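Counting from 1, position 108 in the sequence shown corresponds to residue 108 in UniProt numbering; the numbering is continuous, with no gaps.
Using N, Cα and C, we set each Cβ at its ideal position, and we do this for glycine too.
From a predicted model like this one, the values you see are computed outputs, not experimental measurements.
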Amino acid sequence: MASTVSLDKETLLEDGMPPAKKPRKLLPSLKTKKPRELVLVIGTGISAAVAPQVPALKSWKGLIQALLDAAIDFDLLEDEESKRFQKCLHEDKNLVHVAHDLIQKLSPRTSNVRSTFFKDCLYEVFDDLESKMEDSGKQLLQSVLHLMENGALVLTTNFDNLLELYAAHQGKHLESLDLTDEKKVLEWAQEKRKLSVLHIHGVYTNPSGIVLHPAGYQNVLRNTEVMREIQKLYENKSFLFLGCGWTVDDTTFQALFLEAVKHKSDLEHFMLVRRGDVDEFKKLRENMLDKGIKVISYGDEYADLPEYFERLTSEIAMRGRTGMPKEGQQLNGSAAAHAEVKGKEGSLEPRGFTLCSSLESQAGFQPLLPRRMQPLSLSPAQALSHGRGRPKPGQQPSGRPEPITVPLLSSTEPGPFRQGRGQDRASTDEHLV
């Protein structure tokens, strides 16, 4: 036993580096999605990973503090006002309300001159974002952009335009949308503006579109056509929350996507989070299941997200292009059921069976078969070409030989990972590691 322990220790320390971590497995019900079936929701965690040197990107509290500091630097607040806002931040009061009050203070309706100061504060806070992006963060943005180009929709709760800036650097144009333009929001929800990013709180480059209070998006809430299309997205697509945490508690997000949607627990959405504290992770997972959201751990460290999301993106984008898994992968659910039966005329072995046989021999397992089998009828010519249905010696062939039946996977029977909503909900970590 001692020699074994010594050997393992030498192996681990041989090159002076710790052993590489085993990559997290991708959840089957997520990796089998196609890009056009997804709506990516980008939260502060992504922006903080892209440009960690900018405190305003890390949290609502960081953003309000940065705006407050800028307002103080520009002498826009009296001492008493500054102290009141600092106290609210310190006491962790409703940060969205604090931010709304600060914006109102910097944009009083009684003065068209001072209203421009809020824009000045925003530009001071988000100054020169492009130069502050880090490579690991760019990897995240590249994955998001890749899914967008393959049909995924993107919305964000962030004020920054990091994704748009990165895309421009790659020679691609993304349009920034906010809730003030109902026509464009409707077209986005109808998938007519796929290369657009919907900023549900607005974007700093258009201060008039900044929305924190329900009064700011009443125009959208009252537009039944827009709301119907927006809510259909939550009912019919899978939302993938990235760097969001408790974004679903955001009042704007709730008003747009959650309040009018019934039977949310029957839906299938996903949230990628750091494992972190086990109790907090389990609590978040339990709470999100009621909203139809599966909470998935991408790893124990924030640094694990770019690699995990890149692998996930590659898998999803590949399926979006081909609709079939790579060689050596098992067909799942409807993909297996709809595998095209091709080959030379008269072949009795559908292509789906060839793949399963290959998998059995290569991977060492028995492929799962559905409970119900559906017969495939072959023509007389096909049957005769394989030596079946031929008459016995001395017997005259009849005009219409009996057809031969071959088992085929049913196209109506769900496979091991069904594409329907609310299926295969992960409740323990064994699905994730």
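Residues sharing a beta bridge with residue i, DSSP
{"i": "SER178", "result": "The sequence shown places Asp at residue 178, rather than the Ser named in the question. Looking at the DSSP assignment, ASP178 forms a beta bridge with HIS199."}
Rounded distance between the beta-carbons of residue j and residue i, thought under 8 angstroms
{"i": "CYS244", "j": "VAL41", "result": "6 angstroms"}
{"i": "ARG24", "j": "TYR308", "result": "6 angstroms"}
{"i": "ASN206", "j": "ASP178", "result": "6 angstroms"}
{"i": "GLU258", "j": "LYS264", "result": "Here residue 258 is Leu; the residue named in the question, Glu, does not match the sequence. So it is a contact: roughly 7 angstroms between Cβ atoms."}
{"i": "SER238", "j": "PHE270", "result": "6 angstroms"}
{"i": "PRO214", "j": "THR251", "result": "7 angstroms"}
{"i": "ILE316", "j": "PHE253", "result": "Actually they are not in contact, since the Cβ atoms of ILE316 and PHE253 sit about 23 angstroms apart, beyond 8 angstroms."}
{"i": "VAL39", "j": "LEU155", "result": "7 angstroms"}
{"i": "LYS194", "j": "LEU153", "result": "7 angstroms"}
{"i": "PHE117", "j": "LEU76", "result": "5 angstroms"}
{"i": "GLN231", "j": "VAL197", "result": "Not really, about 20 angstroms apart at Cβ, beyond 8 angstroms."}
{"i": "GLY45", "j": "PRO55", "result": "No, GLY45 and PRO55 are not in contact; Cβ-Cβ is about 14 angstroms, not under 8 angstroms."}
{"i": "THR247", "j": "GLY43", "result": "5 angstroms"}
{"i": "ALA51", "j": "LEU174", "result": "Not really, about 17 angstroms apart at Cβ, beyond 8 angstroms."}
{"i": "residue 439", "j": "VAL98", "result": "Residue 439 lies beyond the range of the chain shown here (1 to 433); nothing can be said about it."}
{"i": "GLN190", "j": "GLU229", "result": "6 angstroms"}
{"i": "ASN150", "j": "PRO35", "result": "4 angstroms"}
{"i": "TYR217", "j": "PHE126", "result": "That belief does not hold up - the Cβ atoms of TYR217 and PHE126 are roughly 22 angstroms apart, past 8 angstroms."}
Span of the beta strand (DSSP E), counted from its first residue to its last, around residue i
{"i": "VAL39", "result": "38-42"}
{"i": "SER297", "result": "293-299"}
{"i": "THR156", "result": "153-156"}
Residue interval of the alpha helix (DSSP H) (run including residue i)
{"i": "LEU272", "result": "Taken as a continuous stretch (DSSP letters only), LEU272 belongs to no alpha helix (DSSP H), being part of the beta strand (DSSP E) at 269-274."}
{"i": "THR32", "result": "THR32 -> no alpha helix (DSSP H), and no H or E assigned at all."}
{"i": "ASN150", "result": "Where ASN150 is concerned, there is no enclosing alpha helix (DSSP H), given that its DSSP letter is neither H nor E."}
{"i": "GLN104", "result": "95-106"}
{"i": "TRP60", "result": "60-73"}
{"i": "MET288", "result": "278-289"}
{"i": "SER82", "result": "79-90"}
{"i": "TYR123", "result": "116-125"}
{"i": "GLU130", "result": "Where GLU130 is concerned, there is no enclosing alpha helix (DSSP H), given that its DSSP letter is neither H nor E."}
{"i": "TYR166", "result": "162-169"}
Residue-chain proximity (residue i, chain B), Cβ-Cβ < 8 angstroms
{"i": "HIS146", "result": "Absent from the structure: chain B. Only one protein chain is present."}
Query raised in the report: Curious, which full-length beta strand (DSSP E) runs of at least 3 residues does the segment 184-242 contain?
Result: Taken in chain order, the complete beta strand (DSSP E) segments of 3 or more residues contained in the segment 184-242 are 196-199, 238-242.
Query raised in the report: Using 8 angstroms as the threshold, is the segment 283-303 in touch with the segment 81-88, meaning 3 or more CB pairs across them?
Result: No, the segment 283-303 is not in contact with the segment 81-88.
Query raised in the report: Counting Cβ pairs, one atom from each stretch, are 3 or more of them under 8 angstroms apart for the segment 127-140 and the segment 154-172?
Result: By the Cβ rule, the segment 127-140 counts as touching the segment 154-172, because three or more pairs are nearer than 8 angstroms.
Query raised in the report: Is it a yes or a no for the segment 135-147 touching the segment 182-189, going by three-plus beta-carbon pairs under 8 angstroms?
Result: By the criterion of at least three beta-carbon pairs nearer than 8 angstroms, the segment 135-147 is not in contact with the segment 182-189.
Query - At least 3 beta-carbon pairs within less than 8 angstroms: the segment 25-32 vs the segment 305-320 - result: Segments in contact, yes.
Query raised in the report: Three or more beta-carbon pairs under 8 angstroms between the segment 232-242 and the segment 206-219, yes or no?
Result: Short answer: they don't touch.
Query raised in the report: Can we say the segment 61-75 touches the segment 116-131, given the rule of at least three CB pairs closer than 8 angstroms?
Result: The segment 61-75, when compared against the segment 116-131, does touch it at the 8 angstroms Cβ threshold.
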